[in-house]
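Residue numbers (UniProt numbering): 1 to 224.
Even for Gly, the Cβ is constructed at its ideal location relative to N, Cα and C.
All remarks here apply to the structure that follows.
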Amino acid sequence: MSIRDWPAAERPREKLLEQGAAALTDAELLAIFLRTGVVGQSAVDLARHLLQDFGSLRALLEADQASFSLRLGLGPAKFAQLQAVLEMGRRHLAEGLKRDSALESPQAVRDYLKARLRHEPHEVFACLFLDAKHRVLAFEALFHGSIDSASVYPRQVVKRALAHNAAALILTHNHPSGVAEPSQADRQLTRRLTDALALVDVRVLDHFIVGDGEPLSMMESGWV
1 MSIRDWPAAE
11 RPREKLLEQG
21 AAALTDAELL
31 AIFLRTGVVG
41 QSAVDLARHL
51 LQDFGSLRAL
61 LEADQASFSL
71 RLGLGPAKFA
81 QLQAVLEMGR
91 RHLAEGLKRD
101 SALESPQAVR
111 DYLKARLRHE
121 PHEVFACLFL
131 DAKHRVLAFE
141 ALFHGSIDSA
151 SVYPRQVVKR
161 ALAHNAAALI
171 LTHNHPSGVA
181 EPSQADRQLT
191 RRLTDALALV
201 DVRVLDHFIV
211 GDGEPLSMME
221 SGWV
């Protein structure tokens with residue numbers, strides 16, 4: 001049966017307009033993105049098949065082009081559309097951060113950092129540069145690979161802070177394992193960077209570690 005033959009209240013698009021996007025299942029949201037199904041499968045059937053194939057909505061959203069385009073009903077055009085949607089979401093979160101002080105919007109900071117770093121397959125170290133009122137000036141990913149005190153160079157972090165004329169910053173990096181618990185190396189790195197930045201009057205407000213759940217604040221844990 002075609003989706004057009006379903007009761008209006010059960011059609012994903014009509015259901016979204018009537019009840020809001022939060023009321024839809026993962027498959028229904030994906031079906032709206034797909035727009036059409038394939039022979040023998042409605043868009044919702046195809047969406048359910050894809051979610052089962054990838055294992056989760058997150059895995060589908062984070063798939064690279066090669067693995068994404070192998071699936072029935074998907075291809076380069078859909079991959080490009082999906083990347084555009086994801087980037088719009090990240091930019092939306094960034095705009096929200098820029099309006100207010102980062103310290104007044106701790107959840108907005110967490111949401112933004114999670115959107116930027118959680119999908120990365122390797123460790124990425126980044127900084128959120130802030131002005132004197134703790135409003136966001138810029139976000140930069142500075143180092144990639146295994147993040148420890150030897151692979152992150154304080155000189156480069158200081159250089160970028162001065163380039164942005166930052167008064168403060170928030171450090172962040174991801175743990176691809178999904179476990180956000182800080183290691184001893186994470187704590188040592190935070191101390192090194194805090195000391196180096198203090199020499200140029202730039203304050204480290206926090207160091208967030210991004211894993212599968214909510215990003216962990218080292219400040220709230222007493223390590224900053």
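8 angstroms contact criterion, which residue i and residue j should meet: CB distance rounded
i, j, result
"V224", "D206", "6 angstroms"
"F208", "L216", "7 angstroms"
"P176", "E140", "At roughly 20 angstroms, the Cβ-Cβ gap does not stay under 8 angstroms, so P176 and E140 are not in contact."
"T172", "A126", "5 angstroms"
"A115", "L142", "So it is not a contact: roughly 18 angstroms between Cβ atoms."
Cutoff 6 angstroms; reference residue i; Cβ partners in own chain excluding five residues on either side
i, result
"R118", "V210"
"D212", "G178"
"I170", "L128, L205 and D206"
"A132", "A167"
"A84", "none"
Residue i burial status per 10 Å Cβ neighbour count (16 or more: buried)
i, result
"K159", "exposed"
"E28", "buried"
"M218", "buried"
"G222", "exposed"
"D186", "buried"
"R91", "exposed"
"R11", "buried"
"H144", "exposed"
"E220", "exposed"
"T190", "buried"
"G89", "exposed"
C-alpha gap between residue i and residue j, whole angstroms
i, j, result
"Q52", "L113", "28 angstroms"
"P76", "L70", "10 angstroms"
"Y153", "L199", "15 angstroms"
"M49", "G55", "One detail in the question is off: residue 49 reads as His in this sequence, not Met. Spanning the two alpha carbons is a distance of roughly 10 angstroms."
"F79", "A21", "21 angstroms"
"E62", "P121", "9 angstroms"
"L46", "G73", "8 angstroms"
"L86", "H164", "26 angstroms"
"R192", "G40", "60 angstroms"
"V44", "L57", "14 angstroms"
"T194", "Q65", "39 angstroms"
"A138", "E181", "26 angstroms"
"E104", "E95", "15 angstroms"
"L162", "Q156", "10 angstroms"
"L30", "R203", "43 angstroms"
"P106", "D26", "27 angstroms"
"S183", "V38", "48 angstroms"
Same chain, Cβ closer than 7 angstroms to residue i, neighbours up to 5 away in sequence not counted
i, result
"R13", "I32"
"E214", "R110"
"R35", "A43"
"residue 225", "Not covered by the structure: residue 225. The range shown for the chain is 1 to 224."
Contacting residues, own chain, Cβ-Cβ under 8 angstroms from residue i (five flanking each side not counted)
i, result
"K15", "A9, A23, L24 and E28"
"D201", "A167"
"F68", "L60, L74, K78, F79 and L82"
"N174", "L117, R118, E120, E123, V124, I209, V210 and G211"
Within the stretch 65-150, ranges of the alpha helix (DSSP H) (whole runs, at least 4 residues): Those alpha helix (DSSP H) runs which fall completely within the stretch 65-150 and span 4+ residues are 65-69, 76-99 and 106-117.
Which ranges would you report for the beta strand (DSSP E) in the stretch 158-191 if only whole runs of at least 3 residues count? 168-174, all fully within the stretch 158-191.
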